[in-house]
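Numbering (this note's numbering), first residue to last: 2 to 303.
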């Protein structure tokens with residue numbers, strides 16, 4: 002898959018899905034929902050202040066067909082309603098509206114763990130970048146600040162679920178660091194070596210290699226120039242970053258320096274979670290919803 006627009010083609014092959022927007026009195030979220038509902042078979046349940054939501058729907062000239070509004074007085078109540086609907090299978094996706102990320106995720110990772118179990122939630126960004134022959138992913142650039150090896154392994158497995166939902170078989174995964182050799186002074190290199198062994202032992206349906214510097218992960222020329230042999234072959238489908246800071250810098254560099262287009266999803270729960278940033282474009286937010294629908298519509302277990 003080379004272009005994000007191909008996600009829309011895939012989504013249109015699926016049955017209608019329902020997204021619950023938590024605290025939906027958010028014009029940015031509703032713009033994304035409108036754009037997506039016009040492109041794919043999607044319905045939405047908008048949870049929050051009915052008066053404010055109806056006012057926004059009118060101002061955005063949104064067709065009310067396929068939309069249900071559920072009254073909720075405060076963020077906690079709105080999250081609880083959305084989570085309960087997801088548990089019952091009444092909605093297949095959850096999307097954050099006008100509330101803090103902390104409050105949103107706190108309600109999802111609830112005490113009964115019905116939506117998450119013992120899994121770790123992580124963010125997976127899918128990029129369409131000029132000069133690249135196919136879409137590729139970056140994880141985790143948004144949620145887990147400084148994950149340990151066990152958490153990185155769950156982040157890896159979450160990204161493989163996303164890859165599977167997008168039809169990528171045997172994805173090439175680069176475990177990123179600054180160098181290609183294991184150096185005890187650089188923890189990301191030792192983590193990478195352990196992750197490769199874990200993937201090998203578990204027989205994951207992926208090609209996992211690391212530590213790898215970014216250049217040889219995405220450039221065959223750099224790989225040849227350095228004289229390094231890697232099964233990723235300078236053509237990674239997934240870039241697993243060492244921690245959030247480096248991941249966030251890579252994410253924003255791709256968008257603002259390279260002109261990349263991006264969609265993102267939070268993986269690891271029973272249902273896809275759409276968690277967009279204020280800085281994301283309307284297009285990016287809409288593609289993120291489309292990604293959620295695809296993940297909800299196919300078997301992405303690994």
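For every residue, glycine included, the Cβ atom is placed at its ideal position computed from N, Cα and C.
Taking all protein chains shown into account, residue 118 has fewer than 16 neighbouring C-beta atoms within 10 Å of its C-beta and is therefore exposed. Leaving aside the five residues that flank residue 110 on each side, the residues in its chain whose CB is nearer than 6 Å to its CB run, in chain order, 117. For residue 140, the enclosing beta strand (DSSP E) has its first and last residue at 137-140. Residue 235 sits in coil when the DSSP states are folded into three classes, being neither helix nor strand. In the assembly as shown, residue 277 is a buried residue. Its beta-carbon has 16 or more other beta-carbons within 10 Å. The Cβ atoms of residue 155 and residue 272 do not sit closer than 7 Å to each other. Assigned with DSSP and collapsed to three states, residue 212 falls in strand. About 4 Å separates the CB atoms of residue 100 and residue 24; that is less than 8 Å, so the two are in contact. Sixteen is the threshold: since fewer than 16 other Cβ atoms of the shown chains lie within 10 Å of the Cβ of residue 39, the residue is exposed. Contact between residue 43 and residue 22 does not hold, since their C-beta atoms are separated by about 11 Å, which reaches or exceeds 8 Å. When C-alpha distances from residue 143 are compared across 129, 37, 246, 203, the shortest belongs to 246. Note: residue 272 is not bridge-paired with any residue in the DSSP secondary-structure output.
Counting of Cβ neighbours within 10 angstroms places residue 257 among the exposed residues, the total staying below 16. Straight-line measurement puts the Cα of residue 268 at about 6 Å from the Cα of residue 122.
Residue 124 sits in a strand when the DSSP states are folded into three classes.
Residue 264 carries a strand assignment under DSSP once its states are collapsed to helix, strand and coil. Annotation: residue 198 to residue 69 spans about 48 Å, alpha carbon to alpha carbon. For secondary structure counted as the beta strand (DSSP E) over 3 or more consecutive residues, the region 3-60 holds these complete runs in sequence order: 18-23, 43-49. Considered as a whole, the region 157-202 harbours 173-177 as its complete beta strand (DSSP E) runs of no fewer than 3 residues, in chain order. When rounded, the separation of the alpha-carbon atoms in residue 175 and residue 55 is 46 Å. By the CB criterion at 7 Å, residue 286 and residue 33 fall inside the cutoff. DSSP places residue 99 in no alpha helix (DSSP H); its state is neither H nor E. The three-state reading of DSSP puts residue 134 in coil, since its state is none of H, G, I, E or B. Remark: C-beta atoms of residue 193 and residue 212 approach each other more closely than 7 Å. By the CB criterion at 7 Å, residue 275 and residue 298 fall outside the cutoff. If you check the CB distance, residue 241 and residue 157 come in under 7 Å. Residue range 68-72 is occupied by the beta strand (DSSP E) that includes residue 71. Within the same chain, 139, 140, 141, 142, 143, 242 come within 8 Å of residue 248 by CB-CB distance, once the 5 residues on both sides are set aside.
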